[in-house]
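Presented below is the structure to which this report refers.
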Amino acid sequence: MTAQKPLLVEKKPLAIRADLSERQIQRYQPALQEAGPSNLELDQFDNRSPLRGLVIAGLATILVSFGGFFAWGFSVELSSATVANGTIIVDSKRKTISHFEGGVMNRLLVQEGDKVTVGQPLIELEDTRARSSLRSLQARRIGLIAKMARLKAEQNDAEQISFPNDFGDAWDVAMDDSIRAETIFFEKRRETKVGRVEVQRKTIEEHLELAASYDIQIEAIDRQIGFIREHRAAMDSLVKIGAVPRTQVIEIDSRLSDLARQRGELVGNKAQSEKAAAGAQLALTGIESDFQSTIAGEITTARVDLADVEQQITASKDVLRRLEIRSPQDGIISNILLRTPGSAVTPGQPLLEIVPENEPLLVEMRVNPRDIDSIAVGSHTQVRLTAYNQRSRLPMEGTITYVAADQSVDEKSNSAFFVARAKLDPASLEANPDVRLYPGMPAEVLIIHASRRAIDYITSPVLESFHRAFRED
């Protein structure tokens, strides 16, 4: 019996077909075991090689992606911005036209869209009442000027009044009436004063004449007393020698006593007359003094009244001048609120608006209070006009020129906001020659902040969430 040669198995990679049945696999199992474990392991290793490569490639891709992302996040800086809705406005804003005193509309002189220049009439108000008030004040002024002329004539004791040639903006009727009235008053008052003075002067003359008559009587009595005394001296000699009786001397003495009494009465009467004359003279002086004092007081009052009337006339002329409402500047008429003649105009009531022309245009925006810390005067902005197609228009550059110091509240929505304004860059306007700006145009404003790393945009929300989370109860 011939010995069988051993079965040689090549050490080739053994490919196991996927379509072999389980029985066929069991049939080849002894041969596979005789071939040794190394061939089996090599075959299994060869079957796992493609999957391992994919895993390694995937991990490498992930590592490179994350590494590149973090490298980009830490090295690249991005600009952030606050978005705010805005409106194109005129630098000096619209001018709302109103009237200080109010009145009644007479005529509307402009229409919406009209271009007006500074000083051009816009609205006329009824002037009947204002003109009547002005004429009344002017008549009073004329009367006071005439009164001042009359008082100065009385003060200087003039024979007639010297009226001024110019009564200002007076009319002939009022001037003639005032001159006539003051002339009559001057003459009556002068007659009264002269009459009082004449009475006192006559009183003085009467008392002085009476005092003079008393002097004459006193002188006569004095002479009579002198004669009687001489006669008595002669009688004394005769009495001593007994030529005449003593009774005659006594009669002479009695006569002297009567004359002395009469003389005393005359002296007393003279003193009373002189006193009465002095009193009348004092009264005469008092008449003139009181008259001048009265005149001075009336002049002071008239001057005050005249100054007051002058101020009222100035104010009344100003009211009359303002009845023709004029444009305060060049611009375009807009938003006429009152059109009907005869309509009542209340003081301060808005009548129309003027949009200034040839003035710089700004963008006024409402900034959310949460973003107010990120904007300031000088901040850079990008303005997009929403009325135009954004794909064919470049955003216009601008600079923040104003930030409100305090927040405002919208009365309708009750939302708070800060007002900010931005000035557009002239170069940006030149770069968009077909873009025309109009007051009231809507705009979207991007307020550019300081640059930040890209990674900060990812980590900041997470850090803020942690910051709030660790403080919640």
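Each residue of the sequence shown is one higher than the last, beginning at 2 in our numbering.
Glycine included, every Cβ here is placed at the ideal spot set by N, Cα and C.
query = Is MET149 helix, strand or coil by DSSP?
reply = Taking the sequence shown and counting its residues from 1, the one referred to as residue 149 is at position 148. Helix at MET149.
Between GLN139, VAL56, VAL119, ASP254, which lies nearest to THR315 when the distance is taken from Cα to Cα? Sequence index remark: in the sequence shown, residue 315 carries index 314 (1-based). The residue with the shortest Cα to Cα distance from THR315 is GLN139.
Q | First through last residue of the alpha helix (DSSP H) which encompasses ALA417 | A | Here residue 417 is taken as the residue at index 416 of the sequence shown, counted from 1. Element bounds for ALA417: not the alpha helix (DSSP H) but the beta strand (DSSP E), 417-425.
Straight-line Cα distance separating PRO396 from LEU135
On the sequence shown, residue 135 is found 134 positions in, with the first residue counted as 1. On the sequence shown, residue 396 is found 395 positions in, with the first residue counted as 1. Whole-angstrom Cα-Cα distance: 60 Å.
(request) Count the C-beta pairs between the region 259-273 and the region 178-195 that are closer than 8 Å, then say yes if the count reaches three, no if not. (result) no
TODO: Let me know the beta strand (DSSP E) ranges lying completely inside the region 332-412, each 3 residues or longer, listed in chain order.
DONE: 332-335, 353-357, 362-368, 381-386, 397-404
So which of ASP374, VAL320, GLU252 has the shortest CA-CA distance to ALA421?
For the purposes of this step, residue 421 is taken as residue 420 along the sequence shown, with counting starting at 1. The residue with the shortest Cα to Cα distance from ALA421 is ASP374.
Going by beta carbon distance, what residues of the same chain come within less than 7 Å of LEU447, once the five residues before and after it are set aside?
For the purposes of this step, residue 447 is taken as residue 446 along the sequence shown, with counting starting at 1. So the list reads ALA82, VAL84, THR382, GLN383, once near-sequence residues are dropped.
Quiz item: Roughly how many angstroms lie between the CA atoms of VAL174 and ASN166, to the nearest whole one?
Solution: Along the sequence shown, one-based indexing puts residue 174 at 173. Along the sequence shown, one-based indexing puts residue 166 at 165. So the alpha carbons of these two residues sit roughly 15 Å apart.
Considering just the uninterrupted stretch of the beta strand (DSSP E) at LYS96, what are its terminal residues? Residue mapping note: residue 96 aligns to position 95 of the sequence shown, counting from 1. Unbroken beta strand (DSSP E) run through LYS96: 96-98.
- How far does the alpha helix (DSSP H) with ILE226 in it reach, from first residue to last? Counted from its first residue, the sequence shown places residue 226 at position 225. Taken as a continuous stretch (DSSP letters only), the alpha helix (DSSP H) holding ILE226 covers 173-242.
With the cut-off set at 8 Å, would you say VAL364 and ALA432 are in Cβ contact? On the sequence shown, position 363 is the one that residue 364 refers to. On the sequence shown, position 431 is the one that residue 432 refers to. No; because the gap between Cβ atoms is not below 8 Å, this pair is not in contact.
query: Between which two residues does the alpha helix (DSSP H) harbouring ARG264 extend?
result: Within the sequence shown, residue 264 is the residue found at index 263, counting from 1. Segment 247-323, the alpha helix (DSSP H) holding ARG264.
- Task: Leaving aside the five residues before and after ILE296 along the sequence, list all residues of the same chain whose C-beta is less than 8 Å from its C-beta, in chain order.
- Result: In the sequence shown, residue 296 corresponds to position 295, counting from 1. Taken in chain order, the residues that qualify are LEU152, GLU155, GLN156.
State whether the region 325-333 contacts the region 344-359, with contact taken as three or more CB pairs (one from each stretch) at a distance under 8 Å. yes
Margin query: Suppose contacts are defined by Cβ-Cβ distances below 8 Å. Is MET106 in contact with PRO342 by that definition?
Written below: Within the sequence shown, residue 106 is the residue found at index 105, counting from 1. Within the sequence shown, residue 342 is the residue found at index 341, counting from 1. Against a cut-off of 8 Å, the Cβ pair of PRO342 and MET106 comes out as a contact.
Cβ separation of SER328 and VAL119, assumed to be a contact under 8 Å, to the nearest whole Å: As a first step, residue 328 must be located in the sequence shown, where it is residue number 327. As a first step, residue 119 must be located in the sequence shown, where it is residue number 118. Right, their Cβ atoms sit about 6 Å apart.
inquiry  = Just to confirm, is the Cβ distance from LEU352 to GLY104 under 8 Å?
reply    = Counted from its first residue, the sequence shown places residue 352 at position 351. Counted from its first residue, the sequence shown places residue 104 at position 103. No, the pair does not count as a contact, with Cβ atoms beyond the cut-off.
Quick check: what's the CA-CA separation for THR129 versus LEU145? Taking the first residue of the sequence shown as position 1, residue 129 is located at position 128. Taking the first residue of the sequence shown as position 1, residue 145 is located at position 144. So the alpha carbons of these two residues sit roughly 25 Å apart.
* Asked: For LEU430, which of helix, strand or coil comes out of DSSP?
  -> The residue you call residue 430 lines up with position 429 of the sequence shown. The answer is helix: DSSP assigns LEU430 an H, G or I state.
| query | For ALA82, which of helix, strand or coil comes out of DSSP? | reply | The count along the sequence shown starts at 1 and reaches residue 82 at position 81. In this structure, ALA82 counts as strand in the three-state DSSP scheme.
- Message: In whole angstroms, give me the CA-to-CA distance for LEU430 and ARG371.
- Response: Taking the first residue of the sequence shown as 1, we reach residue 430 at position 429. Taking the first residue of the sequence shown as 1, we reach residue 371 at position 370. Cα-Cα distance, rounded: 31 Å.
Query raised in the report: On the three-state DSSP scale, how would you describe ILE448?
Result: Translated into the one-based positions of the sequence shown, residue 448 becomes position 447. In this structure, ILE448 counts as strand in the three-state DSSP scheme.
task: Using three-state DSSP, classify ILE63 as helix, strand or coil.
output: Residue numbering aside, residue 63 sits at position 62 when the sequence shown is read from its first letter. Helix, per DSSP.
What is the DSSP secondary structure of THR88, counted as helix, strand or coil? For the purposes of this step, residue 88 is taken as residue 87 along the sequence shown, with counting starting at 1. Strand.
So, do the region 270-286 and the region 209-227 have three or more beta carbon pairs nearer to each other than 8 Å?
yes
Checklist line | Continuous beta strand (DSSP E) stretch holding PRO329: start and end | finding: Residue numbering aside, residue 329 sits at position 328 when the sequence shown is read from its first letter. Run containing PRO329: none; DSSP gives neither H nor E here.
| Span of the beta strand (DSSP E), counted from its first residue to its last, around ASP165 | Numbered from 1 along the sequence shown, position 164 holds the residue referred to as residue 165. First, the amino acid is wrong: residue 165 is Pro here, not Asp. Here PRO165 belongs to no beta strand (DSSP E), and DSSP marks it neither H nor E.
Beta-carbon proximity check, ARG256 vs ILE229, cutoff 8 Å: The residue you call residue 256 lines up with position 255 of the sequence shown. The residue you call residue 229 lines up with position 228 of the sequence shown. Closer than 8 Å, so yes.
Item checked: Exposed unless 16 or more other CB atoms sit within 10 angstroms - verdict on PHE46 -> Position 45 of the sequence shown holds residue 46. Legend: pLDDT at PHE46 = 46, less than 50; position of this residue unreliable, value from coordinates given subsequently. Under this definition PHE46 is an exposed residue.
Practice problem: Could you tell me if TYR439 is buried or exposed, where buried requires 16 or more neighbouring beta carbons within 10 angstroms of its beta carbon? | Solution: The residue labelled residue 439 in the question sits at position 438 within the sequence shown. Under this definition TYR439 is an exposed residue.
task: Tell me whether ALA406 counts as near the ligand MN, meaning its Cβ is closer than 7 Å to at least one heavy atom of that ligand.
output: The ligand content of the structure shown is nil, which means the ligand MN is not present either.
Rank PRO122, LYS148, GLY441 by C-alpha distance to the C-alpha of GLU299 and give the top, closest one.
-> In the sequence shown, residue 299 corresponds to position 298, counting from 1. Of the candidates PRO122, LYS148, GLY441, the one whose C-alpha sits nearest the C-alpha of GLU299 is LYS148.
Check: How should ALA213 be labelled, buried or exposed, when 16 other C-beta atoms within 10 angstroms of its C-beta is the threshold for buried?
Finding: Within the sequence shown, the letter at position 212 stands for residue 213. Result: exposed.
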